[in-house]
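**Student:** Going left to right, the sequence shown walks through residues -25 to -1, 1 to 324 as mature numbering (1 follows the signal peptide of the UniProt record, and there is no 0) numbers them.
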Amino acid sequence: MTKLSTTLVVLCSLIALSLLAISAAEEIDGKTPKMRPHTVHFHHPKDQAHRKKFAGGYKLVSDPTLILDYHFGPVMTGQNDVIKLFVIYYGEFTKNQRTTLRSFFKSFWHPKAPVKTDRPTVEKWWQITRKYVDLYNTPVTSNIVAAGELFDNYSLGKDLNQSTIQQLVIDSFAKFGTDARAIYLVLTAKDVTVESFCMNVCGTHFYTFPSDATDSQMVPYGWVGNPATQCPELCAWPYAPGGSLAQPLIPPNGDVGIDGMTITIANILAGIGTDPYGNAYYQGDAGAPLEAAGACGGIYGAGGFPGYPGELLVDNATGASFNVFGARDHKFLVPWIWNPDTLQCAGQV
Ligand SMILES: *[C@@H]1O[C@H](CO)[C@@H](O)[C@H](O)[C@H]1NC(C)=O
Ligand SMILES: *[C@@H]1O[C@H](CO)[C@@H](O)[C@H](O)[C@H]1NC(C)=O
Ligand SMILES: *[C@@H]1O[C@H](CO)[C@@H](O)[C@H](O)[C@H]1NC(C)=O
């Protein structure tokens, strides 16, 4: 029996509850393996039982069933305390969109100097992943560094599946090199359809299988789609209608699709960092596990619960809502992450 697992980040309709689905080991019987998402859970915001459990956010993981177990696999410990990030822009992204995304990717880098500012930042958000350690007590790397980018003008068409996403990653090795201690991220433009995209799925993460094309390496990668036109209410919430919000919040970078994408990218990066091969930190049934950010189900601030993002910061000039600052004073919304030290969800260390 061959085992195949795929990891999918899912933001559920109305409530932007992020869940992660790893497909369970499947019998392949010599046929072409098919990657498919497993059933995911929906927690409707009106579900009172859930609401009670999630009220306050902090209570979330005091439920013992919501502790993320360690399954003895590797976490992303990087190299020289750095995880390189290689980004593949697939399809058309405007200059403004690229600027916003690049600023997000540069927001993780904090060479030596401790974070000076008192305000919440992307850096301090990522440091929560440092609480996740491997068998040798080595934590997830503290730095993600934007190490390269490439632009692909629809070389594989406008309708992709999980196999072609992996092909894009393998194709990128020619430019970036093959590095299993790096993260490769495929971002698809708003006019690209991807298998499962918007069917409860906003992004996925997985890894290459050892082969000649991958220099025998298992390289972790993620994919996130721009949901602007295909499913903003699903993958760009709370910047699109849904949940208990009377109206959508104003996105900090003025782009519902891109501000939604950064939420999912944050989710995926936290998932790859703490569970790159689907055998490190996750909770629950291997068929539909929760990872670091997914476990905190759609919470972005104190008092959050599925369908209500929680208390956020507001940009007084634009009215936009966000919860962290990044490079060049850009503002972003990132999901809370489960903190293994405190057994609670948190937005900052
Ligand atoms: C990308 O491809 C389209 C056709 O699919 C073409 O019109 C456009 O000029 C190309 N853009 C770049 C930057 O090459
Ligand atoms: C993915 O798409 C490619 C290209 O269209 C196709 O050849 C392949 O069979 C598809 N794979 C799956 C698993 O559907
Ligand atoms: C917005 O203005 C209020 C009141 O002046 C201030 O307390 C708050 O910090 C400001 N928000 C931001 C994000 O600067």
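Even for Gly, the Cβ is constructed at its ideal location relative to N, Cα and C. Small disclaimer: the values here were computed from a predicted structure and weren't measured.
Is it buried or exposed, Val239, if we count other Cβ atoms within 10 angstroms and call 16 or more buried?
**Tutor:** The sequence given here has Thr at residue 239, not Val. When all chains shown are included, Thr239 counts as buried.
**Student:** Bridge partners of Ile240, per DSSP?
**Tutor:** Beta-bridge pairing links Ile240 to no other residue.
**Student:** When the Cα atoms are used, what is the spatial distance from Cys320 to Thr183?
**Tutor:** Spanning the two alpha carbons is a distance of roughly 30 Å.
**Student:** Does the beta-carbon distance from Pro49 to Asp93 come in below 7 Å?
**Tutor:** No.
**Student:** Cβ-heavy atom distance between Ser171 and ligand 2 below 6 Å?
**Tutor:** The answer is no for Ser171.
**Student:** Comparing the CB of Asn136 with every heavy atom of ligand 2, is any distance shorter than 6 Å?
**Tutor:** Because some heavy atom of ligand 2 lies under 6 Å away, the Cβ of Asn136 counts as near it: yes.
**Student:** Using a Cβ-Cβ cutoff of less than 7 Å, which residues in the same chain neighbour Phe68 once the five nearest sequence positions on both sides are dropped?
**Tutor:** Result list for Phe68: Ala164, in chain order.
**Student:** Quick one: is Ala268 buried, meaning 16 or more other Cβ sit within 10 Å of its Cβ, or exposed?
**Tutor:** By the neighbour-count rule (16 or more Cβ atoms within 10 Å), Ala268 is buried.
**Student:** Would you say Thr189 touches ligand 4, meaning its beta carbon is less than 6 Å from a heavy atom?
**Tutor:** Looking at this structure, you won't find ligand 4 anywhere; what it does contain is ligand 1, ligand 2 and ligand 3.
**Student:** Can you give me the C-alpha to C-alpha distance between Phe172 and Thr179, rounded to a whole angstrom?
**Tutor:** One C-alpha to the other measures close to 9 Å.
**Student:** Rounded to the nearest angstrom, what separates Phe126 and Phe80 at their Cα positions?
**Tutor:** The alpha-carbon atoms of Phe126 and Phe80 are separated by roughly 16 Å.
**Student:** What does a CB cutoff of less than 6 Å around Tyr214 pick up in its chain, not counting 5 residues either side in sequence?
**Tutor:** Closer than 6 Å at the Cβ level, and outside the excluded window around Tyr214, lie Pro223, Leu224, Pro226, Val231, Asp234 and Gly235.
**Student:** Compute the beta-carbon to beta-carbon distance between residue 369 and Gly301, rounded to the nearest angstrom, for a pair I have assumed lies under 8 Å.
**Tutor:** Past the edges of the chain, shown from -25 to 324, lies residue 369, and the structure says nothing about it.
**Student:** May I ask you to check if the CB of Thr139 is nearer than 6 Å to at least one heavy atom of ligand 2?
**Tutor:** Answer for Thr139: yes, Cβ within range of ligand 2.
**Student:** Looking only at C-alpha atoms, which of Asn201, Cys177, Gly66 and Cys271 sits nearest to Lys314?
**Tutor:** What sits at residue 314 in the sequence shown is Asn, not Lys. Checked all of Asn201, Cys177, Gly66 and Cys271; the closest Cα to Asn314 is Cys271.
**Student:** Taking the straight line between their C-alpha atoms, what separation do you get for Ala122 and Ser296?
**Tutor:** Distance between the alpha carbons of Ala122 and Ser296 is about 29 Å.
**Student:** Quick one: what does DSSP say Val97 is sitting in, helix, strand or coil?
**Tutor:** In this structure, Val97 counts as helix in the three-state DSSP scheme.
**Student:** Using the Cα positions of Gly152 and Gly248, report the straight-line distance between them to the nearest angstrom.
**Tutor:** Their backbone Cα atoms lie some 20 Å apart in a straight line.
**Student:** By the 10 Å Cβ neighbour count, where 16 or more other Cβ atoms means buried, how is Ala245 classified, buried or exposed?
**Tutor:** Buried, because 16 or more other Cβ atoms sit within 10 Å of the Cβ of Ala245.
**Student:** Below 8 Å on the Cβ atoms is my guess for Gly282 versus Gly276; work out the distance and round it to an integer in Å.
**Tutor:** Actually they do not touch by this definition, with Cβ atoms about 13 Å apart.
**Student:** Taking 7 Å as the limit between beta carbons, can you name the residues of its chain near Gly294, skipping five residues before and five after?
**Tutor:** Around Gly294: Ile225.
**Student:** Which class does Pro12 belong to by DSSP, given the choice of helix, strand or coil?
**Tutor:** Only weak support is given to the placement of Pro12: the predicted model assigns it a pLDDT of 34, under 50, and the question is left unresolved by the model.
**Student:** Hey, quick one: how far does the beta strand (DSSP E) through Asp146 stretch, first residue to last?
**Tutor:** Where Asp146 is concerned, there is no enclosing beta strand (DSSP E), although the alpha helix (DSSP H) it sits in stretches over Gln137 to Phe151.
**Student:** Whose CA, out of Tyr196, Pro207 and Asn291, lies closest to the CA of Lys59?
**Tutor:** Ranking the options by Cα distance to Lys59, first place goes to Tyr196.
**Student:** I'd like the span of the beta strand (DSSP E) that includes Leu209, first residue to last.
**Tutor:** That residue, Leu209, is in no beta strand (DSSP E); its alpha helix (DSSP H) goes Pro207 to Cys210.
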